[in-house]
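Notes follow once the structure below has been shown.
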Ligand code: COA
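Residue numbers (this note's numbering): 3 to 256.
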């Protein structure tokens with residue numbers, strides 16, 4: 003599909019988010035396309051690393067907000083959940099190159115990548131509470147582990163964006179560069195990884211992940227259940243209507 007560009011060069015598979023007119027907001031079809039590419043990459047021995055990237059001005063505005071109006075598409079069996087579970091289970095190295103805003107799942111998916119390079123214009127934000135929603139992608143588990151409880155609360159309760167340097171400081175990203183270099187750094191990392199013995203790389207990743215792999219799957223599932231319920235409740239309805247009506251949400255009566 004055109005909203006996800008798939009490019010394989012030697013041992014590197016690159017998945018490019020390409021829905022620029024909607025700031026790379028993810029649709030159900032985009033999740034399904036990403037999942038299909040990742041699953042195919044697992045089975046293809048010639049693929050040794052996968053890069054996920056956006057454009058120099060935008061990584062992703064997160065889930066398509068119009069899709070949130072249709073709660074049925076976001077239940078536990080939804081394409082987004084399969085995408086997150088596939089990312090979390092992926093056995094080969096996953097690299098992300100992030101420039102510009104990375105909102106919601108645009109930020110949480112990074113928690114399932116092994117290496118992240120950010121442009122100095124990157125801004126990571128998890129505005130779930132502001133949308134009347136809860137964290138997803140196992141971020142309620144992984145974010146406090148990554149950066150400590152208080153900084154995770156800053157990100158998840160206040161919904162404050164973390165700029166690239168702050169994300170580097172808390173370990174959300176590995177490296178910050180000028181935006182025009184981000185994809186090149188990701189590619190260089192991918193080529194380095196592709197030159198290493200794949201079984202050893204995979205085993206090393208598995209050892210780092212195995213102690214809480216099941217917990218991560220469970221939390222993705224639990225968060226999805228709460229998220230689906232919240233989509234039907236007052237705060238999310240008000241926040242999503244406000245977005246579509248280009249006004250500020252009013253939570254004062256809720
Ligand atoms: N879902 C659907 N459409 C979205 C979207 C989203 N998550 N984010 C942006 N868009 C659309 C806008 O509605 C607009 O469409 P239009 O041109 O048809 O009116 C277009 O993308 C451009 O968005 P705009 O807000 O004008 O771009 P910007 O550069 O000023 O701001 C963002 C970029 C990402 C900061 C801003 O779009 C934003 O905050 N989006 C919502 C993010 C969000 O809350 N995501 C959900 C997380 S759970």
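Just so you know, even glycine gets a beta-carbon here, dropped at the ideal spot from N, CA and C. On a predicted model such as this, the values are computed, not experimentally measured, just so you know.
- If you check the CB distance, residue 15 and residue 52 come in under 7 Å.
- The continuous alpha helix (DSSP H) containing residue 152 extends over residues 151-158.
- The beta-carbon separation of residue 121 and residue 86, rounded to 24 Å, does not stay under the 8 Å limit for a contact.
- Short note on residue 82: C-beta not closer than 6 Å to any heavy atom of the ligand COA.
- Set against 6 Å, the gap from the CB of residue 239 to the closest heavy atom of the ligand COA is not smaller.
- Unbroken alpha helix (DSSP H) stretches of 4 residues or longer found wholly inside the region 205-234: 215-233, given in chain order.
- Closer than 6 Å to some heavy atom of the ligand COA: that describes the Cβ of residue 129.
- The continuous beta strand (DSSP E) containing residue 51 extends over residues 51-55.
- Listed by position in the chain, the residues whose beta carbon lies within less than 7 Å of some heavy atom of the ligand COA are 23, 24, 25, 27, 60, 63, 64, 65, 66, 67, 68, 103, 105, 106, 107, 129, 130, 133, 135, 245.
- Taken in chain order, the complete alpha helix (DSSP H) segments of 4 or more residues contained in the region 87-115 are 107-110.
- In the three-state reduction of the DSSP assignment, residue 118 falls in the strand class.
- According to the DSSP assignment, residue 194 belongs to the alpha helix (DSSP H) that extends over 181-196.
- Taking 7 Å as the cut-off, the beta carbon of residue 161 is found no closer than this to the beta carbon of residue 181.
- Here residue 202 is exposed: its Cβ has fewer than 16 other Cβ atoms, across all protein chains shown, within 10 Å.
- One thing to note: residue 70 has its Cβ no nearer than 7 Å to the Cβ of residue 195.
- For residue 11, the beta-bridge partners assigned by DSSP are 14.
- The three-state reading of DSSP puts residue 60 in coil, since its state is none of H, G, I, E or B.
- Taking C-beta atoms as the reference points, residue 124 and residue 101 count as a pair closer than 7 Å.
- Taking all protein chains shown into account, residue 45 has fewer than 16 neighbouring C-beta atoms within 10 Å of its C-beta and is therefore exposed.
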